[in-house]
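Once you know that position 153 of the sequence shown is 163 in my numbering, the rest is easy, because the numbers rise by one and skip nothing.
Quick reminder that beta carbons are idealized off the backbone N, C-alpha and C, glycines included.
Bear in mind the structure is a predicted one, so any value in this text is a computation, not a measurement.
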Amino acid sequence: MKSLKTDSRNKDRHVPQRSCAVCRAKSDKGDLIRLVKSPEGKIVIDTTKKLPGRGVYICPDLECVERAKKSGILAHALKAEIDENFWPELEEHVKDFGVNVKLKIRSVLGLARKAGALMIGSERIEAEHKKTLVILAKDSSDGVKKFAASRQSISLDMTIKELSDVTGLRDSVQILGLPLNSGFAKKIISITEERSNAFER
């Protein structure tokens, strides 16, 4: 799953980046999985990103995992043998990595909709005349992105179809809004920032 970014709040804050040991693509630390060689010489998934020892990063992508498995890149980078039982564990972690964040966001948006706090579409957001957290689908049109540019917004790694499913509408939903001072907006911001914040402590 790619980066979840807040566009206005924290836009000047430095977010550390690392390169995937397999494909060499650079990403925010929070969007990569850290693997570390423990003092006992065992390769483990560092879910806290704080374990001591030699570490490397890999994209939460099954293709990168498969390439790593075939090439021996991770074993070489970590200077350790990798047990065959490790690979299924890493694959499961990769699958869960992006899903967990999406599930949390979908849950919050679903609750906001039931509570009547969710604004759907740019016209509704414009009509509210209140401070709003704008939520964009990653495949929103240029016009919608331009509308959101002047507001506090979050670009999610969710498609128009996924946002439409959350709202229960068949229409193509590209943009949602939540009152900025609502608990729903604060929760969405918290979810999208929690991984990045963990690496800056």
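Residue i versus residue j - alpha carbon distance
i      : j      : result
ARG64  : ILE135 : 48 Å
ALA208 : SER37  : Any reading at ALA208 must be qualified, since the residue scores a pLDDT of 36, below 50, and its modelled position is unreliable; the value itself is stated next. Whole-angstrom Cα-Cα distance: 15 Å.
GLY82  : LEU146 : 39 Å
THR169 : GLU101 : 23 Å
ALA31  : GLY40  : 15 Å
LYS21  : SER182 : Confidence at LYS21 is low in this model, with a pLDDT of 43, below 50, so the placement of that residue should be treated as unreliable; the coordinate-derived value is given next. Rounded to the nearest angstrom, the two C-alpha atoms are 28 Å apart.
THR177 : LYS171 : 10 Å
LYS15  : VAL154 : At LYS15 the pLDDT is 43, less than 50, meaning the model places this residue with poor confidence; the figure from the coordinates comes in the next sentence. Cα to Cα, LYS15 sits roughly 16 Å from VAL154.
HIS139 : LEU121 : 22 Å
LYS59  : ALA195 : 27 Å
VAL66  : LYS124 : 43 Å
VAL111 : PRO26  : 20 Å
LEU173 : ALA35  : 28 Å
ASP93  : GLU99  : 11 Å
GLU203 : ARG77  : 30 Å
PHE157 : ALA137 : 13 Å
GLN162 : PRO189 : 11 Å
ARG28  : SER160 : 30 Å
THR57  : ARG44  : 7 Å
Distance CB(residue i)-CB(residue j) smaller than 8 Å
i      : j      : result
ILE130 : ILE164 : no
LYS80  : TRP97  : no
ILE84  : VAL104 : Residue 84 is actually Leu in this sequence, not Ile. Against a cut-off of 8 Å, the Cβ pair of VAL104 and LEU84 comes out as no contact.
LEU143 : GLY193 : no
ILE68  : LEU42  : yes
ILE55  : ALA90  : no
LYS141 : ASN95  : no
PRO70  : PHE107 : yes
Distance between beta carbons of residue j and residue i, contact taken as under 8 Å
i      : j      : result
LEU61  : VAL46  : 5 Å
LEU128 : LEU119 : 6 Å
One or two residues paired with residue i in a DSSP bridge
i      : result
PRO189 : THR142
LYS47  : ILE53 and ARG64
LYS36  : SER29
MET129 : GLY187
Spatially closest choice to residue i from the options, by CA coordinates
i      : options                           : result
ILE185 : TYR67, ILE201, SER192 and ASP167  : ASP167
SER117 : LEU179, ARG28, SER48 and ASP175   : ASP175
SER150 : LYS124, SER132 and LEU179         : SER132
ILE201 : LYS148, ASP152, LEU179 and ILE115 : ILE115
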